[in-house]
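**Q** In full-length UniProt numbering, the protein residues as written are 1 to 141. Note that CB positions come from ideal geometry on N, CA and C, so glycine has one too.
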Amino acid sequence: MSEDLPQTPARSDLSPSKGVAGRKTKYNDRIAQQICLYVAQNMSLREISRQPGMPHWDTLKIWMLQHPELRQTIEAIRWLNGTEYIAEALECYKDVEPDSEDFPAQLALAKAKAATMLTAARLMELRKPPRQILENEDDLS
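#1: Secondary structure at V39, three-state DSSP: helix, strand or coil?
#2: Can you tell me where the alpha helix (DSSP H) holding G82 begins and where it ends?
#3: Comparing C-alpha positions only, which one of E91, E69, Y38 and E47 sits nearest to A115?
#4: For Q72, collect the residues of the same chain with a Cβ closer than 8 angstroms to its Cβ; drop the 5 residues on either side in sequence, then sort them by chain order.
#5: Go ahead and pull the three-state DSSP assignment for P6.
#6: Mind reading off the beta-carbon distance from L45 to L60? Whole number of angstroms is fine, and I expect it under 8 angstroms.
#7: If you draw a straight line from the C-alpha of Q33 to the C-alpha of G82, how long is it?
#8: Short of 6 angstroms in beta carbon distance, which residues of its chain neighbour L14, apart from the five on each side in sequence? Order them along the chain.
#9: For A76, which residues in the same chain have their Cβ closer than 7 angstroms to its Cβ, ignoring the five residues on either side in sequence?
#10: Please state whether the Cβ-Cβ distance between L70 and A89 is less than 8 angstroms.
#11: Got a sec? Which residues, its chain only, sit under 8 angstroms from M1 by beta carbon, not counting five neighbours each side?
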């Protein structure tokens with residue numbers, strides 16, 4: 001079945017490319033740690049794959065399936081990022097000055113920013129903390 005498909009990736013002008021695919025990136029702890037640092041900076045996997053020295057987006061997804069520790073670490077970091085969105089949503093109102101002339105505009109902007117942050121947090125499934133977070137909580141007891 002795959003014999004019917006083009007064996008080289010298409011170029012941006014949608015014509016077949018003549019080059020060969022890039023060399024396969026091997027999983028290692030250094031790259032995995034850098035991926036986690038990028039995730040901590042709120043980068044998506046697609047954005048990470050565009051960084052110099054990082055593997056292709058498809059490779060990142062495969063690594064997340066093949067290496068549960070990477071996937072779980074990324075889930076925990078994203079959960080922490082989501083809780084930060086909630087804190088940042090509350091901080092949106094700190095800059096609003098009730099006595100200023102443009103108070104309604106400041107308030108509207110703060111509400112819009114807070115709503116965006118809360119929506120992002122809501123999408124991150126914050127109800128159930130990842131296993132690593134729960135394990136650390138048990139250690140504190």
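**A** Well, looking at it:
#1: helix
#2: P68 to E91
#3: E91
#4: P130, R131 and Q132
#5: For P6, the predicted model reports a pLDDT of 49, less than 50, meaning its position is unreliable; a value from the coordinates is still stated below. Reduced to three states, the DSSP call for P6 is coil.
#6: 5 angstroms
#7: 20 angstroms
#8: Its pLDDT being 49, under 50, L14 is placed unreliably by the model, and the measurement read from it follows with that caveat. Contacts found: none.
#9: P130, Q132 and I133
#10: no
#11: Annotation note: pLDDT 45 at M1 (below 50); position unreliable, no value reported.
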